[in-house]
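Peer 1:
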Amino acid sequence: MKLLLMDGHSILNRAYYGLPDLTNSAGEHTGAIFGFLNMMFKFIEDEQPDNFAVAFDVHAPTFRHKMYDAYKGTRKPMDPELREQVPRIQEILKAMGVPVITMEGWEADDILGTLSRIGQEKGMDVTIVSGDRDLLQLATDKIKISIPKTKKTGTEIENYFAKDFEQAYGVTPKQYIDVKALMGDSSDNIPGVAGIGEKTAFKWIAQYGSIEECHAHVSEMKKAKVVDNFIEQWDTAVLSKELATINLNAPIELEEGSTKLGNLFTEEAYLLCKRYELKKLLPRFENTDTASVTDNTADSFKRVNDFSEVETFFEDIKKTGKAFIGASIMAGDDKVIRGAALSDGESTVYVECQGFISADYLCHKLMEICKAGVRLCFWDLKNVMHLITNILSDDEKKAVMEKGGKSQIFPNAVDVSVAAYLLNPTKKEYTADDVANEMLGIIIPAAADLFGKKKLKDALLDDSLLEAVTTYACYEAYVAYGAFEKVMAEIEAAGMGHIFTDIEMPLLYTLFDMEIQGIAMDKEALAQFSQKLSTRIEELEKDIYAQAGEEFNINSPKQLGVILFEKMGIEGGKKTKTGYSTAADVLEELAPANPIIGSILEYRQLAKLKSTYADGLQPCVGEDGRVHSTFMQTVTATGRISSIEPNLQNIPIRMELGKEIRRVFYPKDGCVFLDADYSQIELRVLAHMSGDDNLIGAFKAGQDIHRSTASLVFNTPFDQVTDLQRRSAKAVNFGIVYGISAFGLAKDIGVGRKEAQEYIDNYLKAYPKMHTFLEGLKSSAKEKGYAVTLYGRRRPVPELNSSNFMNRQFGERVAMNSPIQGTAADIIKIAMVKVHDRLLAEGLKSKLLLQVHDELLVETYIDEQEKVESVIREEMENAAELSVKLEIDMNEGSNWLEAH
DNA sequence: TCAATTTC
DNA sequence: GAAATTGA
């Protein structure tokens, strides 16, 4: 029989410091948990124990503290990142059926000592795993102490039976206690005897066997200061010995057989590992039946594929006057709708598209009940609306294009993923299984559990997975129904009801309409531009190869670094983790002295232009000659929207050559582009939120804000500000908006860090209320755990409690930046909704097409231009009532470049 | 996954 | 500070 014991805190501690920090998408730290479990699995495999237990300390004074106040007094408090992992690993261990043994008033050491003694008495072989050498005193010929050491080459394990210990240390394990009594232990704050260190302690104990024997023989010892100390501090030595002695008789009560090692890979443990996103551990659960779920609502899920049954189902909904229904539509990448699940909380059904139940029929039924007043709740409503639009007739589609998706498809729907995003915008995704777990406290299968390696789109095409698809869809509908109210309650409690109802949901419809419209793009012109770029790129390539003396891949930073800094021996190369940095700002410094650098920088610029824009945009043009980007509403931490496939929010504008790309975006016949962008919206938000009179005054006076800043910061009359001063002031303004660090600012404007700090200090002096405002943002975020915008939108900032200085500094910048960026985002969202809604309300045919953070682009019918201009101006300028005016710059043009 | 580049 | 895309 074999007993394996683990020292919980010690191993968790080793894992925490020995492994890189891991965080799951909810921002929970998991690195130590992962390391601990791996270590545990390794020992279980190696040792093949029949019994297994883990001991943890509890945070309470032990009998040792009662003996000696200062016991462990020098211990630093545990990092918060590690502390939060303690209950989690215990939770997982319990889920695995592993006894987690803790005892108030006793240390894990005593528990381990006692258990090992009992184990030995029962005739078992015992292995104790710990990173702590204190436990070595427990070694006997039956009790082995294993100390894992993480080295670069992997984990090495030192094993000590009593005889190994004696060989290594020259004393017995029991005598090691006496050694410690003499030399003390700084980590536990055991005093020991002054002047006696490791050497003397071992020597004495090896010779006399114990402190008592030493004490009895002091007269024989050579006269020395340490001997006097020893005699003087005999009481301390005795106390130290007591402190250092692990108690083998802790009053542990264990049920018979409770340490028996069973199947660790339980369903419960699997779900926890999944929850903490310990993906590498999941394969270990291979043989666990993880498809079955602890939640049994799935039993009541029903699939219907009989036409009349579906008919009566929808009739019932109408008759019973259901006000709210959770819904989910199943479709793959082909956008073909395979079915829809609906849930009213009591019954949940999956309607399969098949036979007379066509997608067309099903979608129209859904639209019908929604228009009749039933509120539908979806995951990713915007996408659902696209799926539905896809199966509509041409006339219906036209109506959607002209009158908007809200009135034509779902006038009364909500999106639970957007709601969940508002509650915590820092997560990666907002899936039903995640929200179910968080809001309803139930564990439901995720796509991966139901479909295995297949994705939903493949599963939809695989008849054998119909059951799984049914379960999946039903859960989505069921959770949409069940979680929405709870999410909303939390949103209301957090004071974000207004944001959800009056900003995000209307915005969703606005974004849908923008996506439906798309923007016309000249594919031919792009192809020509690409050709033009190719010619110049080839020239540059040749030039670079000639200067380098060989051909290589210029796009590979690794190869480029080697060529520049090794082969060509260019001085001043900076290192990154993986090699030399070849970033533009690094190379630019080296450009004057090295002609090849100029060519490389130009090559880079053109290569980016060609690959991302000239070539990258071409396949995005649809059959209608327009590009339909997707605006993501649940991605950014601050509340901004983002744009993908393609990203139309980073189309070049600064570089002369790059901005030519904007020419290929053009208005349709009879239209011009009206492009309006907020002037300095973030600084205006800052002026308002800080209430700083100087900044507000500068805006009210209509001054060039960077010049005004320069004038204050450099103490120069306004009209004598030099260009350089203005440029520096502009960088400082940017820095403030972005949550300044002297380091970042220094890098930005090419001055020393000290000088940059002076700029910041001057800035804070120039705007007296700014300092208190920014400090207030930091302390408020730290206290509350989140940063908050003017409208109450929240963004968690757990980094503020990090033990790592860099992380904490990052958190501070986030705390300063998020409210500003987020408030600006709120304002333009409000403006978008208002512009969009008013264009429709006033019966104008002109359409909002794009948003680029502080800019709106409207495809404007020429005969509506005047009206549209005033709509844009009014709605954008009045989107928020700040202590400074919101001003916009508006231009018209026959392409995006001209209009900007 | 990382480094680099583009935008606001 | 916030993003998305590309290529290795």
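Sequential numbering of the first sequence, starting at 1, is according to full-length UniProt numbering.
A virtual CB, placed ideally from N, CA and C, is assigned to each residue, including glycine.
1. From Ser-870 to Val-664, what does the alpha carbon distance come to, in whole angstroms?
2. Thinking just about the alpha-carbon of each residue, which of Arg-726, Phe-699 and Ala-701 is nearest to the one in Ser-711?
3. Does DSSP put Thr-312 in a helix, a strand or coil?
4. Under a three-way DSSP split, which group does Pro-99 fall into?
5. Mapping the DSSP letters down to three states, classify Val-293 as helix, strand or coil.
6. Looking only at DSSP bridge pairs, what is Asp-677 linked to?
7. Using the C-alpha atoms, what's the distance from Tyr-545 back to Ser-556?
8. Output the boundary residues of the beta strand (DSSP E) element that contains Pro-20.
9. What did DSSP end up calling His-65 once you bin it into helix, strand or coil?
10. If you run the structure through DSSP and keep just helix, strand and coil, what is Ile-190?
11. If you check the beta carbons only, do Leu-3 and Pro-77 fall under 8 Å apart?
12. Going by DSSP in three states, Asp-380 sits in which element: helix, strand or coil?
13. Quick one: grab the DSSP three-state call for Ser-146.
14. Look up Leu-3 in the DSSP assignment and give the residues it is bridged to.
15. Quick one: what's got a C-beta closer than 6 Å to Ser-292's C-beta in the same chain, skipping five residues either side?
16. For Val-218, name the three-state secondary structure that DSSP assigns.
17. Give the C-beta separation of Thr-259 and Phe-36 to the nearest angstrom, bearing in mind that I take them to be a contact with Cβ-Cβ under 8 Å.
18. Of all the options Ala-637, Met-632, Ser-643 and Asn-647, which has the alpha carbon lying nearest to the alpha carbon of Leu-617?
19. With respect to the alpha helix (DSSP H) encompassing Val-349, which residues constitute its N-terminal and C-terminal limits?
20. Name the residue from Pro-191, Ser-186 and Val-226 whose alpha carbon lies nearest to the alpha carbon of Thr-200.
21. Given that a residue counts as buried once 16 or more other Cβ atoms are within 10 Å of its Cβ, and exposed if not, what is residue 905?
22. Rank Ser-25, Ala-493, Ser-187 and Val-58 by C-alpha distance to the C-alpha of Ala-70 and give the top, closest one.
23. Would you say the beta carbon of Thr-634 is closer than 7 Å to some non-hydrogen atom of the ligand GTP?
24. Measuring straight from C-alpha to C-alpha, what distance separates Met-40 and Arg-604?
25. Beta carbon of Leu-423, beta carbon of Ile-491: below 8 Å?
26. What is the DSSP secondary structure of Met-496, reduced to helix, strand or coil?
27. Comparing C-alpha positions only, which one of Asn-38, Ile-325, Tyr-361 and Glu-368 sits nearest to Ser-347?
28. Check the DSSP bridge columns for Ala-446 and list the partner residues they point to.
29. What is the DSSP secondary structure of Thr-30, counted as helix, strand or coil?
30. Could you tell me which residues DSSP puts in a beta bridge with Cys-671?
31. If you scan the stretch 761–804 from start to end, which runs of the alpha helix (DSSP H) of 4 or more residues do you find wholly inside it?
32. My understanding is that Lys-613 touches Ile-661, with C-beta atoms under 8 Å, so please give their C-beta distance in whole angstroms.
33. Would Ala-139 be called buried (16 or more neighbouring beta carbons within 10 Å of its own) or exposed?
34. Are there three or more Cβ pairs, one per stretch, closer than 8 Å when the stretch 243–251 is compared with the stretch 22–37?
Peer 2: The relevant details are as follows:
1. 27 Å
2. Arg-726
3. helix
4. Residue state, collapsed to three classes: coil.
5. Residue confidence for Val-293 is low, a pLDDT of 46 falling below 50, so the modelled location carries little weight and cannot support an answer.
6. Glu-855 and Asp-889
7. 14 Å
8. That residue, Pro-20, is in no beta strand (DSSP E); it is neither H nor E in DSSP.
9. helix
10. strand
11. It is not a contact, given that the beta carbons lie outside the stated cut-off.
12. coil
13. strand
14. Asn-51 and Val-126
15. Bear in mind that the predicted position of Ser-292 carries a pLDDT of just 46, short of 50, making it too unreliable to give a figure here.
16. helix
17. Going by Cβ atoms, the distance from Thr-259 to Phe-36 rounds to 18 Å, so no, they are not a contact pair.
18. Comparing alpha-carbon positions, the option among Ala-637, Met-632, Ser-643 and Asn-647 lying closest to Leu-617 turns out to be Asn-647.
19. Run containing Val-349: none in the alpha helix (DSSP H); it sits in the beta strand (DSSP E), 348–352.
20. Val-226
21. As shown, the chain starts at 1 and ends at 900. That puts residue 905 outside it, with no answer to give.
22. Ala-70 has its Cα closest to that of Ser-187, out of Ser-25, Ala-493, Ser-187 and Val-58.
23. Ligands are entirely absent from the displayed structure, and the ligand GTP is therefore not among its contents.
24. 49 Å
25. Taking 8 Å as the Cβ cut-off, Leu-423 and Ile-491 qualify as a contacting pair.
26. coil
27. Ile-325
28. As DSSP reads the structure, Ala-446 sits in no beta bridge.
29. Thr-30 sits in coil when the DSSP states are folded into three classes, being neither helix nor strand.
30. Tyr-861
31. Residue ranges of uninterrupted alpha helix (DSSP H) with 4 or more members, entirely inside the stretch 761–804 and ordered along the chain, are 768–784.
32. Residue 613 is actually Tyr in this sequence, not Lys. The Cβ separation is near 5 Å, so the contact holds.
33. buried
34. The stretch 243–251 is not in contact with the stretch 22–37.
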